[in-house]
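Asker: Input: one structure, supplied below.
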Amino acid sequence: MADMSNFKSGFVNLLGRTNVGKSTFINGLIGEKVSITSEKPQTTRNRIRCIYEDDRAQIVFLDTPGLHRPTGALGKHLVKEARKGLKGADLLVYMVEPRDEISPEDRDFFRKLKGVDSPKMLLVNKVDINSPADIAETLKAYEEEDLFDEYVPISALTGDGVDIALDRLVDLLPEGGRLFPEGTKTDKPISFLVSEYVREKVFRLTYEELPYSVATQTRYVKEREDEDLTEIGVDIYVVRKSQKGIIIGKNGNMIKKIGVRARKDLQRMLGTKIYLDLKVKVSKNWNRREQQVKRLGGSP
Ligand SMILES: Nc1nc2c(ncn2[C@@H]2O[C@H](COP(=O)(O)OP(=O)(O)OP(=O)(O)O)[C@@H](O)[C@H]2O)c(=O)[nH]1
Ligand SMILES: [Mg+2]
0 MADMSNFKSG FVNLLGRTNV GKSTFINGLI GEKVSITSEK PQTTRNRIRC
50 IYEDDRAQIV FLDTPGLHRP TGALGKHLVK EARKGLKGAD LLVYMVEPRD
100 EISPEDRDFF RKLKGVDSPK MLLVNKVDIN SPADIAETLK AYEEEDLFDE
150 YVPISALTGD GVDIALDRLV DLLPEGGRLF PEGTKTDKPI SFLVSEYVRE
200 KVFRLTYEEL PYSVATQTRY VKEREDEDLT EIGVDIYVVR KSQKGIIIGK
250 NGNMIKKIGV RARKDLQRML GTKIYLDLKV KVSKNWNRRE QQVKRLGGSP
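Counting in numbering that gives the first Met the number 0, the sequence shown runs from 0 upward without gaps.
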């Protein structure tokens, strides 16, 4: 048993523009896909607690939807979710990419951050695809803002610098015991993770407005006792009938692709064989109506 006398713990809120790599960073640390990712902006729709633990600390990360200019009910919901991440944290981590210039909106946001008491760390992500000169320039620009206590360049994708970021995180956290039972990786129920895995595949395989028209909802997760099998049913919602056709695809090719990829992830997570039943349904303009956004795009 590890010595718990100097054990540290706390809530860390991870904020930043959409697509900078917040969810990728958290998944890399935890070693499991707790928060879905994609190359498209606005992938994360809910605040998700993701829990990292080693023999020094238990860190509860709050992964948030990226900050961006809101359009429509879904957009407004995302920004509201992200802003909620400002309060109640032991530590704020702000992630940026090199070459993203500091905009007037960023400065507005920094003024709000200045009013927050907790220590603040800046992560400059994606160093693997940026030149040392661009990285240095970004670090310098943020240092001039005089807002952050630590600055760490990393690549969430390759893991470069992530150990250093973790050391600094542990340094800045208060002493204290575990906040969640040992071994917990997220506060979300399995049914939520299941629906998110399916949404990730749809998000990655579709284009233009379609990914933003899709919501997923788990109908059932049943573990069979007689064999090593989990039966899972997930509904995929779109806003128009024509979109239903795209999700199903010619001869059902698209829905098959989604199913094969989702099943692979689910198998890894649950450690059993998976029977996956996907149904595509039309819920007219769910992403424009606030109530529906709460139900389908909002918290599970
Ligand atoms: N090259 C490179 N790509 C990265 C790195 N980190 C993340 N990415 C990629 O950037 C894209 C966005 O990553 P996400 O983790 O989904 O970004 P996010 O900040 O969570 O985005 P939202 O949830 O939409 O706010 C994905 O295609 C990732 O693979 C990195 O360090 N290097
Ligand atoms: Mg994300």
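Cβ coordinates follow ideal geometry from the N, Cα and C atoms, glycine included.
1) From which residue to which residue does the alpha helix (DSSP H) around Q41 run?
2) Who are the Cβ neighbours of K119 in its own chain at under 7 Å, not counting the five residues just before and after it?
3) Just to confirm before moving on: does the CB-CB distance between A56 and K86 stay below 8 Å?
4) Cβ-heavy atom distance between T42 and ligand 2 below 7 Å?
5) Measure from the alpha carbon of E230 to the alpha carbon of each residue in S241, G248, K240 and G258, then state which is nearest.
6) Taking only three categories from DSSP, how would you classify G175?
7) Short of 7 Å in beta carbon distance, which residues of its chain neighbour D225, apart from the five on each side in sequence? Order them along the chain.
8) Using only the heavy atoms of ligand 2, determine whether one of them is closer than 7 Å to the beta carbon of K21.
9) Only counting runs of 3 or more residues, tell me where the beta strand (DSSP E) segments fall wholly within the region 215-282, in order along the chain.
10) Count the other CB atoms within 10 Å of the CB of R167; is the residue buried (16 or more) or exposed (fewer)?
11) Starting from the C-beta of S37, find all residues in its chain whose C-beta is less than 6 Å away, skip the five residues before and the five after it, and write them out in chain order.
12) I'd like the span of the alpha helix (DSSP H) that includes N26, first residue to last.
Answerer: Let me spell this out:
1) Segment: none, Q41 is in no alpha helix (DSSP H) and carries neither H nor E.
2) L91, Y93, L112, L146, F147 and D148
3) no
4) yes
5) G258
6) coil
7) none
8) yes
9) 228-237 and 272-281
10) buried
11) F202 and R203
12) K21 to I29
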